[in-house]
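*Asks:* Its first residue numbered 1, the sequence shown is counted upward by one per residue in UniProt numbering. Don't be surprised by glycine CBs; every beta carbon is placed ideally from N, CA and C. This is the structure, below, for whatever I ask next.
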Amino acid sequence: MNSFNLRPNEHRSPETPREALLRLMGLADASPEQEFDEIVELATAICAKPLGAMTLLTETENYTKATVGLPAARVPVKESVCRYTVLQDHVMMVEDTHADHRFDEHGAMIHSEGGIRFYAGMPLTTADGTHVGALCVMDTAPSTLTTQQMRALEVLGKQISSRLQLRERAAAVAQMSHDLERTHAMFDTILANVPVEIYLKDSKGRILFYNQKLADRFKVSSDEWIGKTSYDLWNKQTADEIALEDEYVLRTGKLHESFVDIPEPNGTVSYWRSMKVACLIPPDEKLLACCSVDMTEHMARERRLQEIQDELEEANRKLNSLALTDSLTGLWNRRAFDAQLETSIMGAQRNKRPMALMLLDVDDFKHVNDRFGHLYGDQILRHFAAILNRVKRAADVACRFGGEEFAILLPDTTMDGAQRLAQRIIAALHAYPWENGTVTASLGLAMCSHTCSSDELVDFADSALYRAKREGKDRMVCHGCEI
Numbered sequence: 001m002n003s004f005n006l007r008p009n010e011h012r013s014p015e016t017p018r019e020a021l022l023r024l025m026g027l028a029d030a031s032p033e034q035e036f037d038e039i040v041e042l043a044t045a046i047c048a049k050p051l052g053a054m055t056l057l058t059e060t061e062n063y064t065k066a067t068v069g070l071p072a073a074r075v076p077v078k079e080s081v082c083r084y085t086v087l088q089d090h091v092m093m094v095e096d097t098h099a100d101h102r103f104d105e106h107g108a109m110i111h112s113e114g115g116i117r118f119y120a121g122m123p124l125t126t127a128d129g130t131h132v133g134a135l136c137v138m139d140t141a142p143s144t145l146t147t148q149q150m151r152a153l154e155v156l157g158k159q160i161s162s163r164l165q166l167r168e169r170a171a172a173v174a175q176m177s178h179d180l181e182r183t184h185a186m187f188d189t190i191l192a193n194v195p196v197e198i199y200l201k202d203s204k205g206r207i208l209f210y211n212q213k214l215a216d217r218f219k220v221s222s223d224e225w226i227g228k229t230s231y232d233l234w235n236k237q238t239a240d241e242i243a244l245e246d247e248y249v250l251r252t253g254k255l256h257e258s259f260v261d262i263p264e265p266n267g268t269v270s271y272w273r274s275m276k277v278a279c280l281i282p283p284d285e286k287l288l289a290c291c292s293v294d295m296t297e298h299m300a301r302e303r304r305l306q307e308i309q310d311e312l313e314e315a316n317r318k319l320n321s322l323a324l325t326d327s328l329t330g331l332w333n334r335r336a337f338d339a340q341l342e343t344s345i346m347g348a349q350r351n352k353r354p355m356a357l358m359l360l361d362v363d364d365f366k367h368v369n370d371r372f373g374h375l376y377g378d379q380i381l382r383h384f385a386a387i388l389n390r391v392k393r394a395a396d397v398a399c400r401f402g403g404e405e406f407a408i409l410l411p412d413t414t415m416d417g418a419q420r421l422a423q424r425i426i427a428a429l430h431a432y433p434w435e436n437g438t439v440t441a442s443l444g445l446a447m448c449s450h451t452c453s454s455d456e457l458v459d460f461a462d463s464a465l466y467r468a469k470r471e472g473k474d475r476m477v478c479h480g481c482e483i
């Protein structure tokens, strides 16, 4: 048995769940309701008492929901007689409140002329056994109830409890329905807006559902394909392949991933990556859920990247045949780099792909060269070149630009990617075990726009490099932004 566990003169902090429970049942206020009024009227008639009430208790007050012979009222819990009833599981009867010390401090309600002298109440109970109030009958003179009247009060109290529990269940069902509708709306929104195409089939291959993305892709209405199979939509060869996959997934229950060529209404062919999984719907129905992603544009980009890669490799072969290599560092020389820069800028602008240029200058190289000799200076340049080769990507092109200045061409690279590479180079220089103190470098970055020439791109990177030198060296600066 759960109760409010109220005690005389005991201070309790508010318990929000109790008020929430009364609100859930529509009993948060004292507005009269006929079904409760009639039960209270019946209780007072059966028990032959002039006063009766249905009371409800919150954390701080006791209020009447229905009354006979009494005005509707709200009183503090500490002045409520019913607070003792909710501690019981059965009818509580007090034949004379003046003879019961529990009511010594209850003031006018008990001790004034016409105050309550007799009280009998049955606790009102929710579905989980929580006592939330009482059905009570009262008199202004000491009295008692017969066994039959006690039983009647108990039964009528249980009737009210049953109505409260019915309201509680109805409110819970309404909340569940609301939550379900909200969940459905949320998933409908997700399914309608995710950039993938989703559909559901039964075990016979008939389409039960598909999202708006799929409908838009094939220019069909939201129900045009419902009930159709792959044989209704595609040629026999494609439909056979789909049917075999569907049968495998339904039979094994395993997730299946595949790439499918789908003929389009305009005569072209699209390429799809599909993932299928079986769903068991009780008691024994099997459905097939599929999520498909259109890979057509991705594969076109992959082919174009491969073409660009082939072009770069061909260009590299031609450059190698000219032996355009710096003899000291093994990197490309300035002549080779200039030719590659022109080719790469044209390719980036034609294909609308990002490209970056990085210029690097060894800090204080002349001072080191003068102090430790030209042989040590050459050794620094060779190690510097080796670090660049180790840190850069295979597709990046590094060269010795002249003297202690180097350059890296970064095809298909955003400014974020170029900055990350610059940070790795700076970190690698600091980590290298130089013989005579750490060697640092200043770096200038520039992005290739859709209109800039090779000279302009070099000037932008050189301007950023000069700024890095001016601001203290051993850092990177990008043209047009703060690093």
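In three-state terms, what does DSSP make of Y248?
*Replies:* Here Y248 sits in helix by DSSP.
*Asks:* At the level of alpha carbons, what is the spacing between D108 and V68?
*Replies:* In the sequence on display, residue 108 carries Ala and not Asp. Roughly 19 angstroms between the two C-alpha positions.
*Asks:* Taking the C-alpha atoms as reference points, what is the distance between L375 and V368?
*Replies:* In a straight line, the C-alpha of L375 is about 11 angstroms away from that of V368.
*Asks:* By DSSP, does C452 sit in helix, in strand, or in coil?
*Replies:* C452 falls in the coil class under three-state DSSP.
*Asks:* I'd like to confirm the pairing. Which residues does DSSP put opposite V75 in its beta bridges?
*Replies:* Bridge partners of V75: N62.
*Asks:* Are T343 and E302 touching if we call contact CB-CB under 9 angstroms?
*Replies:* No; because the gap between Cβ atoms is not below 9 angstroms, this pair is not in contact.
*Asks:* So, helix, strand or coil for K276, using DSSP?
*Replies:* In this structure, K276 counts as strand in the three-state DSSP scheme.
*Asks:* According to the neighbour-count rule (16 or more other Cβ atoms, all chains shown, within 10 Å of its Cβ), is K65 buried or exposed?
*Replies:* Label assigned to K65: buried.
*Asks:* Could you have a look at S292 and say whether DSSP puts it in helix, strand or coil?
*Replies:* Of the three classes helix, strand and coil, the one that applies to S292 here is strand, per DSSP.
*Asks:* By DSSP, does H131 sit in helix, in strand, or in coil?
*Replies:* Correct three-state label for H131: strand.
*Asks:* How many angstroms separate the CA atom of W272 from the CA atom of V260?
*Replies:* Their backbone Cα atoms lie some 5 angstroms apart in a straight line.
*Asks:* Give, in chain order, every unbroken run of the alpha helix (DSSP H) that is at least 4 residues long and sits entirely within the region 173 to 225.
*Replies:* Taking only runs of at least 4 residues, the alpha helix (DSSP H) segments lying wholly in the region 173 to 225 are 212 to 217.
*Asks:* Going straight from the alpha carbon of G472 to that of D364, what length do you get?
*Replies:* Rounded to the nearest angstrom, the two C-alpha atoms are 11 angstroms apart.
*Asks:* Classify F365 as helix, strand or coil using the three-state DSSP reduction.
*Replies:* Residue state, collapsed to three classes: helix.
*Asks:* So the beta strand (DSSP E) V260 belongs to, where does it begin and stop?
*Replies:* H256 to P263 is the extent of the beta strand (DSSP E) around V260.
*Asks:* Rounding to the nearest angstrom, what Cα-Cα distance links F4 and L287 in this structure?
*Replies:* Confidence at F4 is low in this model, with a pLDDT of 33, below 50, so the placement of that residue should be treated as unreliable; the coordinate-derived value is given next. The straight-line gap from Cα to Cα measures roughly 50 angstroms.
*Asks:* Indicate the three-state DSSP secondary structure (helix, strand or coil) for A468 in the structure shown.
*Replies:* Of the three classes helix, strand and coil, the one that applies to A468 here is helix, per DSSP.
*Asks:* Would you kindly check if the distance between the Cβ of M358 and the Cβ of Q423 is under 9 angstroms?
*Replies:* No; because the gap between Cβ atoms is not below 9 angstroms, this pair is not in contact.
*Asks:* Compare the beta carbon distance of I110 and T130 with 9 angstroms and say whether it is the shorter of the two.
*Replies:* It is not a contact, given that the beta carbons lie outside the stated cut-off.
*Asks:* Taking the alpha carbon of G402 as the point to measure from, which residue in L51, N389 and F337 has its own alpha carbon closest?
*Replies:* Selected option, being the one with the closest Cα: F337.
*Asks:* Where DSSP assigns a beta bridge to G121, which residues make up the other side?
*Replies:* Answer is M92 and C136, bridged to G121.
*Asks:* Give the C-beta separation of C82 and Q149 to the nearest angstrom, bearing in mind that I take them to be a contact with Cβ-Cβ under 8 angstroms.
*Replies:* 18 angstroms between Cβ atoms; not a contact.
*Asks:* Just curious, the alpha helix (DSSP H) that C481 is in, first and last residue?
*Replies:* Taken as a continuous stretch (DSSP letters only), C481 belongs to no alpha helix (DSSP H), as it is neither H nor E.
*Asks:* Do S80 and T55 have their C-beta atoms closer together than 9 angstroms?
*Replies:* Yes; because the gap between Cβ atoms is below 9 angstroms, this pair is in contact.
*Asks:* If you draw a straight line from the alpha carbon of C291 to that of N266, how long is it in whole angstroms?
*Replies:* Roughly 23 angstroms separates the two Cα atoms.
*Asks:* Measure the CB-CB distance between F460 and A441 and report whether it falls below 9 angstroms.
*Replies:* It is not a contact, given that the beta carbons lie outside the stated cut-off.
*Asks:* On the DSSP bridge assignment, give the partners of R400 in chain order.
*Replies:* BP columns for R400 point to F406.
*Asks:* Just to confirm my understanding: we take K469, look at its own chain, exclude 5 residues before and 5 after, and list those with CB closer than 6 angstroms. What are they?
*Replies:* The answer, listed in chain order, is S442.
*Asks:* Please classify F118: is it buried, with 16 or more other beta-carbons within 10 angstroms of its beta-carbon, or exposed?
*Replies:* That one is buried.
*Asks:* Let me know the secondary structure DSSP gives I116 once reduced to three states.
*Replies:* Coil at I116, not helix or strand.
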